[in-house]
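Heads up, the thing below is written out as structure tokens.
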Amino acid sequence: MLIHSLNLRNFRNHTEKALEWAPQFNILTGPNGVGKTNILDAIHLLCMSRSFVTTSDRVLPNQGENWFELGGTFESAARSKFSLKTFYSVNEGKTFFVNDSPLDRLTDLIGRVPVVVMCPEDRKLTAEGPLERRSFLDGLISQLSREYLQNLLLYRRIRRQRSTLLLQDALRGEMLRSALEPWNVQMADVGGKIIATRALVLEHFAGYLEQHFKALTQLSLRPNFTYKTFMPVQAGQSPSEISAQMLLALDAAFEKEQERRQSLIGPHRDELVFYLDQIELRKYGSQGQQRLFTIALKLAQAFYYQDQSEDRPILLMDDVFGNLDSEKIRTLVRILEEQGGQIFITHASGSALRSAADFSMKNSVWYEVSGPEVKNITQSTS
Amino acid sequence: MKVTSESLERTIEELAKLPGTGRKSAQRIAMYLLKQPDDSVYRLAETLQNLKRSVKTCCICRTFSDEDPCAICENPKRQNGQICVVEEFQDMYFIERTDEFRGRYHVLGGVLSPMNNIGPDQLHVKSLIQRVNNPEEPVTEIILALNPDAEGEATSFYLHKLLQPFEVQVTRIAYGIPVGTDLEYIDDATLSRAFRSRSTF
Ligand SMILES: [Zn+2]
Numbered sequence: 068m069l070i071h072s073l074n075l076r077n078f079r080n081h082t083e084k085a086l087e088w089a090p091q092f093n094i095l096t097g098p099n100g101v102g103k104t105n106i107l108d109a110i111h112l113l114c115m116s117r118s119f120v121t122t123s124d125r126v127l128p129n130q131g132e133n134w135f136e137l138g139g140t141f142e143s144a145a146r147s148k149f150s151l152k153t154f155y156s157v158n159e160g161k162t163f164f165v166n167d168s169p170l171d172r173l174t175d176l177i178g179r180v181p182v183v184v185m186c187p188e189d190r191k192l193t194a195e196g197p198l199e200r201r202s203f204l205d206g207l208i209s210q211l212s213r214e215y216l217q218n219l220l221l222y223r224r225i226r227r228q229r230s231t232l233l234l235q236d237a238l239r240g241e242m243l244r245s246a247l248e249p250w251n252v253q254m255a256d257v258g259g260k261i262i263a264t265r266a267l268v269l270e271h272f273a274g275y276l277e278q279h280f281k282a283l284t285q286l287s288l289r290p291n292f293t294y295k296t297f298m299p300v301q302a303g304q305s306p307s308e309i310s311a312q313m314l315l316a317l318d319a320a321f322e323k324e325q326e327r328r329q330s331l332i333g334p335h336r337d338e339l340v341f342y343l344d345q346i347e348l349r350k351y352g353s354q355g356q357q358r359l360f361t362i363a364l365k366l367a368q369a370f371y372y373q374d375q376s377e378d379r380p381i382l383l384m385d386d387v388f389g390n391l392d393s394e395k396i397r398t399l400v401r402i403l404e405e406q407g408g409q410i411f412i413t414h415a416s417g418s419a420l421r422s423a424a425d426f427s428m429k430n431s432v433w434y435e436v437s438g439p440e441v442k443n444i445t446q447s448t449s
Numbered sequence: 317m318k319v320t321s322e323s324l325e326r327t328i329e330e331l332a333k334l335p336g337t338g339r340k341s342a343q344r345i346a347m348y349l350l351k352q353p354d355d356s357v358y359r360l361a362e363t364l365q366n367l368k369r370s371v372k373t374c375c376i377c378r379t380f381s382d383e384d385p386c387a388i389c390e391n392p393k394r395q396n397g398q399i400c401v402v403e404e405f406q407d408m409y410f411i412e413r414t415d416e417f418r419g420r421y422h423v424l425g426g427v428l429s430p431m432n433n434i435g436p437d438q439l440h441v442k443s444l445i446q447r448v449n450n451p452e453e454p455v456t457e458i459i460l461a462l463n464p465d466a467e468g469e470a471t472s473f474y475l476h477k478l479l480q481p482f483e484v485q486v487t488r489i490a491y492g493i494p495v496g497t498d499l500e501y502i503d504d505a506t507l508s509r510a511f512r513s514r515s516t517f
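If you read the sequences in order, they're chains Z and D. Heads up, the first sequence is in my numbering, so the first residue is 68 and it goes up one at a time. Heads up, the second sequence is in my numbering, so the first residue is 317 and it goes up one at a time.
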């Protein structure tokens with residue numbers, strides 16, 4: 068997947084910009100707070116329907132404005148050339164257009180332009196609770212499987228309906244039990260499918276993680292993870308078998324769910340625990356180990372995606388290089404060259420980046436960002 | 317802001333309350349109406365008044381109708397022991413259009429949705445059970461024709477369970493593939509459901 072050009076209007080601090088991109092490395096340097104990340108975020112929003120920086124679209128228009136517009140031209144393995152556009156206004160929300168024809172549902176966008184993000188927020192993956200790791204996993208699979216995404220949305224809907232019942236004071240005991248029943252059957256049905264898919268993908272994914280952690284660190288430590296759901300699950304286990312077990316588990320958990328007033332069984336409570344050798348990363352891993360683990364995780368995601376789909380995702384690397392020594396930067400750049408996809412890199416110091424790695428400027432473009440101005444400095448560096 | 321026409325502003329506010337209509341479309345409709353000839357706007361107002369005055373709810377099947385009971389419930393030829401359960405009036409209208417079904421209907425008036433405070437008591441469920449229990453018009457089959465979404469599925473499950481003690485067969489319409497559609501354009505969920513509800517040649 069390639070993005071050839073990007074237009075921003077009223078997006079964050081960029082009132083009006085048109086940028087051309089190169090097929091391999093796209094480097095944005097400049098001091099912090101000048102809007103480098105905003106350009107990466109614009110690409111993310113255009114491709115994935117949401118910002119990777121904020122959950123509130125309202126803060127995205129330029130100060131004093133209530134709308135923004137983003138547009139881009141793309142080229143993919145499946146569909147030679149196409150354009151994406153999004154228009155947002157505070158009153159009407161976001162509307163997306165593919166080749167100027169509007170998309171009915173935002174979910175139709177997911178997977179059209181695959182994107183993998185690496186950013187400082189990623190430290191949550193190894194440092195915080197299971198929610199972050201579940202969304203990583205869901206993102207990984209949803210980009211490849213529309214059915215999985217549909218199941219996630221359906222599951223969320225069923226769970227919301229069920230939660231409402233659990234919170235009603237008037238419904239207790241047998242009345243609650245029979246009110247839950249029609250939702251339990253569906254929740255187990257969809258939940259079983261989600262769990263089966265997660266187990267299957269993760270088994271496959273483990274090898275990718277191991278390979279890329281090794282390439283990146285040259286360490287002999289082996290990265291791995293365990294996938295925990297409400298029951299022991301093996302990769303390849305049939306969804307219907309898991310669903311049947313989940314229905315029994317829901318039934319058995321009734322008293323507890325009634326008491327705690329929440330859904331306690333199902334994939335929304337799954338956990339993914341990361342290890343280096345036998346050591347649990349979140350509890351005992353050093354910051355350096357955690358950082359490298361996360362980068363390897365995202366690299367693995369990119370490589371896994373391209374093996375499954377025969378197209379390369381766009382890699383957005385926001386401030387990733389700042390925390391790496393020059394040897395690690397060199398190694399990472401070599402891995403990225405091998406990956407061969409289109410990569411966007413932001414970095415505070417141009418000179419530090421230049422001395423750490425030799426970017427072949429044939430397929431690259433280098434922008435110096437200084438607030439309102441974005442200057443192409445590609446020629447002057449080659 | 318100074319409002320120069322209170323009537324226009326009121327119209328926009330009322331129109332904006334309609335489902336699927338934001339303030340922008342309400343403005344557009346109001347402007348359109350203003351530019352139409354007088355009698356066509358009066359006709360619309362009269363039609364709306366009649367809608368509330370003359371449309372009743374059928375006491376048997378709970379559909380909207382000018383007569384109570386409705387023409388289908390009154391028609392002895394439609395008494396074949398089958399009742400088709402639908403969510404809303406318009407679903408009944410869609411099924412009628414196919415000319416496939418020769419029995420009677422029952423309109424639930426919604427589906428189970430705890431989020432929107434809709435439980436069995438908010439739906440026309442009791443009246444359905446009464447119909448199943450009515451010895452004067454024996455019911456042999458209840459056909460569930462609800463939407464295949466989370467709420468429709470939950471409601472089908474609920475009704476199926478509720479009807480189990482009665483001597484009535486409960487069936488549901490099959491999930492199918494739209495006629496004239498290539499397999500490759502059908503989403504995975506529909507295709508796998510259609511596969512599961514396949515029938516013998
Ligand atoms: Zn009737």
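Glycine included, C-beta positions come from ideal geometry on N, C-alpha and C.
Cβ-heavy atom distance, Cys374/D to ligand 1, below 7 Å: yes
Heavy atom of ligand 1 within 7 Å of Ile459/D beta-carbon: no
Positions along the region 217–229 of chain Z whose CB lies within less than 7 Å of some CB in chain D: Gln217, Leu221, Arg224, Ile225, Arg227 and Gln228
Below-8 Å beta-carbon distance, Glu329/D vs any chain Z residue: no
Ligand 1 heavy atom lying under 7 Å from the CB of Pro335/D: no
From Trp88/Z, Arg421/Z and Asp108/Z, residue whose alpha carbon lies closest to that of Met185/Z: Asp108/Z
Near ligand 1: Ile381/Z beta-carbon under 7 Å from a heavy atom: no
Close Cβ partners of Val423/D (< 7 Å) along its chain, the five nearest in sequence each way excluded: Cys377, Arg378, Thr379, Val402, Glu404, Phe405, Met408 and His440
Secondary structure of Asn390/Z, DSSP reduced to three states: helix
Whole-number beta carbon distance between Thr140/Z and Ser209/Z, since they are thought to touch under 8 Å: Not really, about 24 Å apart at Cβ, beyond 8 Å.
Pairwise C-alpha distance: Arg488/D and Glu416/D: 15 Å
Rounded distance between the beta-carbons of Leu221/Z and Ala466/D, thought under 8 Å: 6 Å
Near-chain Z residues of the region 426–448 of chain D - C-beta to any C-beta below 8 Å: Leu428, Ser429, Pro430, Met431 and Gly435
Minimum Cβ-Cβ distance from Leu170/Z to chain D less than 8 Å: no
Nearest to Arg226/Z (by Cα), restricted to the options Lys148/Z, Ile444/Z, Asp256/Z and Arg213/Z: Asp256/Z
Proximity winner among Asp189/Z, Arg224/Z, Glu338/Z and Val101/Z, relative to Ala266/Z (alpha-carbon distances): Glu338/Z
Tyr491/D: contacting residues in chain Z (beta-carbon distance under 8 Å): Result: empty, since nearest Cβ-Cβ is about 14 Å, beyond 8 Å.
Validate contact between the region 73–81 of chain Z and the region 382–402 of chain Z using beta carbons, cut 8 Å, 3 pairs: no
Interface residues of the region 266–287 of chain Z facing chain D [CB-CB below 7 Å]: none
Cβ-based neighbour list, Pro98/Z, same chain, cut-off 7 Å, excluding 5 preceding and 5 following: Ala415
Nearest to Thr296/Z (by Cα), restricted to the options Gly138/Z, Ser437/Z, Pro181/Z and Arg336/Z: Arg336/Z
Check: Pro430/D C-beta below 7 Å from any heavy atom of ligand 1: no
Among Ser310/Z, Ser156/Z and Ile362/Z, the one whose alpha carbon lies nearest that of Lys191/Z: Ile362/Z
Neighbour-count burial assignment, Glu324/Z, 16 or more Cβ in a 10 Å radius: buried
Identified DSSP bridge partners for Glu87/Z: Ser72/Z
is_contact[Thr231/Z, chain D] using C-beta, thresh 8 Å: yes
Collapsed DSSP secondary structure at His422/D in the structure displayed: strand
Minimum Cβ-Cβ distance from Thr448/Z to chain D less than 8 Å: With a pLDDT of only 46 at Thr448/Z, under 50, the local geometry of the prediction cannot be trusted, and no value is derived from it.
Three-state class that DSSP yields for Met298/Z in the structure shown: coil
Spatial neighbours of Asp171/Z in its chain, beta-carbon cut-off 6 Å, leaving aside the 5 residues before and after: none
Assigned exposure category for Val441/Z - 16 Cβ within 10 Å defines buried: buried
DSSP three-state assignment for Pro439/Z, whether helix, strand or coil: coil
The region 319–333 of chain Z in contact with the region 230–243 of chain Z per 3-pair CB rule at 8 Å: yes
heavy atom of ligand 3 below 7 Å from Ile388/D C-beta: Judged by which ligands are present, ligand 3 is missing from the structure shown, whose ligands are ligand 1.
Gln485/D in three-state terms, based on DSSP: strand
Three-state secondary structure assigned by DSSP to Tyr342/Z: strand
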